[in-house]
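Protein chains in written order, with the numbering used here: chain G, 1 to 292; chain V, 1001 to 1130.
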Ligand code: HEM
Ligand code: SF4
Ligand code: FES
């Protein structure tokens, strides 16, 4: 059973204490002594492990599960995770899951900022947990699922809408001209689209955008960036560029962007998203003003 | 999985402490823009009720200008207008794709310059009201 609500370990000893009867007094006395000895030993061990405060990190993790009675109301759980140098938020979550509560649910795969599955809201900002060092964060570290997406369970959000928007811009190379052999790209053109190719579909940008939050039809930064990657690719040809601009020029395309720069700020791949969106706006204007 | 938890929109402005420069610039720009629109209508309304004659007009203006609140509101109006203009220029640069890497700095510059201009204007605005 992986969906159990975690039990509080500390509660067991206090429950024991309540059960004592008069006849058991001496036995309980002995037990108490043992407990005290054990406690001091545990404390020594814990102190050894956490010789300074920095050696454990306190994580406050968002919990929610519609299928478990005790978790239908969202809450935050505390996890004290022993720290080692280089530990990321994802490492800490995995430690918490493996050692404290196996029902703690979150997405991850590559652990090296390339699969894009672990974007989360950490200390008030969209971040890729595997790329976020605990040492860069203030304690307690608050881990929440991405805002503006519906929470399925704990840190897992529904990405369907994000993927729909990505698909809407036809995120694949296409051209109407029949290629003669290899379709080589010029170095300059490759440089131009270089940053836009780095997107890992993590959804951090979309989650940070409050325009996207208020307008479900807005393509969003990642999809527009994806469109930029192909619109600016000279090999697709003029006709295809026209087709791509028509998608972007729609009411819920590039014009929704209000240059808040939130997406650019959070993108773990440092893609200059606002810059790309602005450039496409200018392309769209040029496309419609044909008097020069 | 049929249920999911929707945190709604409350989280947005409840998280203002976490907003960064571009977001603040956006909020201030919208706010100042709408204040300016509001002022424009008030302005037209007030002046058009004072158009019954030269004396009525002079009296209206003199009464208004003798009130400290009005003087303070004028300082506020200047602040709002200056910020809107300066940040409007910043947004123009952003639209042209100029200096996007320094967009946060140009926001802080707009703020600082607005502050300086407003402070410098205070003596002129409140002169003679005390
Ligand atoms: C030199 C003077 C001004 C400049 C440079 C300027 C510039 C701008 C710019 C660039 C925007 C677009 C912001 C965006 O992209 O989101 C804007 C928005 C706005 N401006 Fe101005 N503006 C000026 C004067 C005014 C005045 C006098 C008023 C009021 C009568 C005004 C009211 C507004 C409003 C209400 C908006 C927000 C529109 C919206 O909701 O999108 N502005 N301004
Ligand atoms: S553009 Fe950046 S933040 Fe947005 S999905 Fe791609 S990698 Fe993530
Ligand atoms: S686990 Fe793959 S991007 Fe973080």
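Virtual Cβ for every residue (Gly too), placed ideally from N, Cα, C.
- C-beta atoms of residue 144 of chain G and residue 121 of chain G nearer than 8 angstroms: Your numbering for residue 144 of chain G matches position 144 in the first chain. Your numbering for residue 121 of chain G matches position 121 in the first chain. Yes. Within cutoff.
- Could you work out which residue in G:60, G:284, G:132, G:261 is closest to residue 227 of chain G when comparing CA atoms only? Here residue 227 of chain G corresponds to residue number 227 of the first chain, with the count starting at 1. Out of G:60, G:284, G:132, G:261, G:284 has the C-alpha closest to the C-alpha of residue 227 of chain G.
- Query: For residue 263 of chain G, which residues from the same chain have a beta carbon less than 6 angstroms from its beta carbon, with the 5 sequence-adjacent residues on both sides left out?
  - Reply: Taking the first chain and counting its residues from 1, one reaches residue 263 of chain G at position 263. Once the five neighbours on either side are set aside, the close Cβ partners of residue 263 of chain G are 205, 208, 209, 221, 273.
- Neighbour flag for residue 1033 of chain V against chain G, beta carbons, 8 angstroms: Within the second chain, the letter at position 33 stands for residue 1033 of chain V. Closer than 8 angstroms: no.
- Item | Separation of residue 232 of chain G from residue 191 of chain G, as counted between CA atoms | Counted from its first residue, the first chain places residue 191 of chain G at position 191. Counted from its first residue, the first chain places residue 232 of chain G at position 232. Between residue 191 of chain G and residue 232 of chain G, the C-alpha separation is close to 11 angstroms.
- Query: Counting along the chain, where does the beta strand (DSSP E) carrying residue 75 of chain G start and finish?
  - Reply: Residue mapping note: residue 75 of chain G aligns to position 75 of the first chain, counting from 1. For residue 75 of chain G, the uninterrupted beta strand (DSSP E) run begins and ends at 75-82, by DSSP.
- Cβ of residue 266 of chain G versus every heavy atom of the ligand SF4: is any distance shorter than 7 angstroms? In the first chain, residue 266 of chain G corresponds to position 266, counting from 1. Within 7 angstroms of the C-beta of residue 266 of chain G there is at least one heavy atom belonging to the ligand SF4.
- Query: In this structure, does DSSP put residue 57 of chain G in helix, strand or coil?
  - Reply: The sequence position of residue 57 of chain G within the first chain is 57, counting from 1. Three-state DSSP puts residue 57 of chain G in a strand.
- Query: Under a three-way DSSP split, which group does residue 153 of chain G fall into?
  - Reply: For the purposes of this step, residue 153 of chain G is taken as the residue at position 153 of the first chain. Three-state result, residue 153 of chain G: strand.
- Item | Neighbourhood of residue 1117 of chain V by C-beta distance below 6 angstroms, restricted to the same chain and skipping five residues each side | Taking the first residue of the second chain as position 1, residue 1117 of chain V is located at position 117. Apart from sequence neighbours up to five positions away, the residues of its chain that approach residue 1117 of chain V with a beta-carbon distance below 6 angstroms are 1082, ordered along the chain.
- Item | Continuous beta strand (DSSP E) stretch holding residue 120 of chain G: start and end | Here residue 120 of chain G corresponds to residue number 120 of the first chain, with the count starting at 1. Segment 119-122, the beta strand (DSSP E) holding residue 120 of chain G.
- Examine the ligand HEM and report whether any of its heavy atoms sits within less than 7 angstroms of the Cβ of residue 1092 of chain V. Looking up residue 1092 of chain V in the second chain gives position 92. Yes, the Cβ of residue 1092 of chain V comes within 7 angstroms of a heavy atom of the ligand HEM.
- Task: Spell out a yes or no on whether the segment 1052-1060 of chain V and the segment 1097-1104 of chain V are touching, meaning 3 or more CB-CB pairs, one atom from each, closer than 8 angstroms.
- Result: The segment 1052-1060 of chain V, when compared against the segment 1097-1104 of chain V, does not touch it at the 8 angstroms Cβ threshold.
- Task: May I ask you to report which of helix, strand or coil DSSP gives residue 1009 of chain V?
- Result: Here residue 1009 of chain V is taken as the residue at index 9 of the second chain, counted from 1. With a pLDDT of 47 at residue 1009 of chain V, under the threshold of 50, the modelled position of that residue is not reliable, and no figure is offered here.
- Query: Applying the criterion that 16 or more other CB atoms from any shown protein chain within 10 Å of the CB defines a buried residue, is residue 1029 of chain V buried or exposed?
  - Reply: In the second chain, residue 1029 of chain V corresponds to position 29, counting from 1. Under this definition residue 1029 of chain V is a buried residue.
- Return the CA-CA distance between residue 290 of chain G and residue 172 of chain G, expressed in angstroms with no decimal places. As a working mapping, residue 290 of chain G is identified with position 290 in the first chain. As a working mapping, residue 172 of chain G is identified with position 172 in the first chain. Answer to the nearest angstrom: the Cα atoms are 28 angstroms apart.
- Message: When you compare the segment 181-190 of chain G with the segment 237-253 of chain G, are there three or more beta-carbon pairs, one atom per stretch, that lie closer than 8 angstroms?
- Response: The segment 181-190 of chain G vs the segment 237-253 of chain G: no contact.
- Item | Endpoints, the alpha helix (DSSP H) within which residue 143 of chain G is located | Translated into positions along the first chain, residue 143 of chain G becomes position 143. Premise fails: residue 143 of chain G lies in the beta strand (DSSP E), 141-144, not in any alpha helix (DSSP H).
- Query: Shortest alpha-carbon distance to residue 141 of chain G belongs to which of G:89, G:225, G:198, G:175?
  - Reply: By 1-based counting over the first chain, the position of residue 141 of chain G is 141. Ranked by how close their Cα comes to the Cα of residue 141 of chain G, the residues G:89, G:225, G:198, G:175 have G:89 in first place.
- Message: Under 7 angstroms: does the beta carbon of residue 197 of chain G sit that close to some heavy atom of the ligand HEM?
- Response: Residue numbering aside, residue 197 of chain G sits at position 197 when the first chain is read from its first letter. No, since every heavy atom of the ligand HEM falls outside the 7 angstroms radius drawn around the Cβ of residue 197 of chain G.
- Return yes when at least one heavy atom of the ligand SF4 lies under 7 angstroms from the C-beta of residue 269 of chain G, else no. Stepping through the first chain from its first residue, residue 269 of chain G is reached at position 269. Residue 269 of chain G Cβ: within cutoff of the ligand SF4.
- For the ligand FES, any of its heavy atoms closer than 7 angstroms to the Cβ of residue 337 of chain G? Past the boundaries of the shown model lies residue 337 of chain G; chain G is included only from 1 to 292, so the question cannot be answered.
- Can a CB atom of chain V be found closer than 8 angstroms to the CB of residue 258 of chain G? Counting from one through the first chain, the residue named residue 258 of chain G turns up at place 258. Closer than 8 angstroms: yes.
- Message: Quick check on residue 1103 of chain V - is its C-beta less than 8 angstroms from some C-beta in chain G?
- Response: Translated into positions along the second chain, residue 1103 of chain V becomes position 103. At a cut-off of 8 angstroms between beta carbons, residue 1103 of chain V contacts chain G.
- Query: Just to confirm, does residue 259 of chain G get its C-beta within under 7 angstroms of one of the non-hydrogen atoms of the ligand HEM?
  - Reply: Indexing the first chain from 1 puts residue 259 of chain G at position 259. Residue 259 of chain G: yes, Cβ under 7 angstroms from the ligand HEM.
- Message: Tell me which residues share the same chain as residue 1019 of chain V and place their Cβ nearer than 8 angstroms to its Cβ, disregarding the 5 neighbours each side in the sequence.
- Response: For the purposes of this step, residue 1019 of chain V is identified with residue 19 of the second chain, where counting begins at 1. Here the set comprises 1027.
- Message: Quick check: is any heavy atom of the ligand HEM less than 7 angstroms from the C-beta of residue 253 of chain G?
- Response: Counting from 1 along the first chain, the entry for residue 253 of chain G is found at position 253. Because no heavy atom of the ligand HEM lies under 7 angstroms away, the Cβ of residue 253 of chain G does not count as near it: no.
- Should the segment 105-114 of chain G be called in touch with the segment 173-181 of chain G, which here means at least 3 C-beta pairs below 8 angstroms? Under the 8 angstroms Cβ criterion, the segment 105-114 of chain G does not count as touching the segment 173-181 of chain G, having fewer than three qualifying pairs.
- Item | Check whether residue 224 of chain G and residue 271 of chain G have beta carbons under 8 angstroms apart | Within the first chain, the letter at position 224 stands for residue 224 of chain G. Within the first chain, the letter at position 271 stands for residue 271 of chain G. No. Outside cutoff.
- Between which two residues does the beta strand (DSSP E) containing residue 125 of chain G stretch? The count along the first chain starts at 1 and reaches residue 125 of chain G at position 125. For residue 125 of chain G, the enclosing beta strand (DSSP E) begins and ends at 125-128.
- Message: Within the continuous alpha helix (DSSP H) that includes residue 1114 of chain V, where are the two ends?
- Response: The residue given as residue 1114 of chain V occupies position 114 in the second chain. DSSP places residue 1114 of chain V in the uninterrupted alpha helix (DSSP H) bounded by 1103-1126.
- Message: I want to see whether chain V comes within less than 8 angstroms of residue 127 of chain G, judged by CB atoms only; does it?
- Response: Looking up residue 127 of chain G in the first chain gives position 127. Closer than 8 angstroms: no.
- Rounded C-beta distance between residue 156 of chain G and residue 125 of chain G? I'm assuming under 8 angstroms. For the purposes of this step, residue 156 of chain G is identified with residue 156 of the first chain, where counting begins at 1. For the purposes of this step, residue 125 of chain G is identified with residue 125 of the first chain, where counting begins at 1. At roughly 19 angstroms, the Cβ-Cβ gap does not stay under 8 angstroms, so residue 156 of chain G and residue 125 of chain G are not in contact.
- Message: If you reduce the DSSP assignment to three classes, tell me which class residue 230 of chain G lands in.
- Response: Translated into positions along the first chain, residue 230 of chain G becomes position 230. The answer is helix: DSSP assigns residue 230 of chain G an H, G or I state.
- Task: Please name the residue in V:1128, V:1074, V:1086 whose C-alpha comes closest to that of residue 1108 of chain V.
- Result: Here residue 1108 of chain V corresponds to residue number 108 of the second chain, with the count starting at 1. Here the closest residue by C-alpha is V:1086.
- Task: List the DSSP bridge partners of residue 88 of chain G.
- Result: Position 88 of the first chain holds residue 88 of chain G. Answer is G:133, bridged to residue 88 of chain G.
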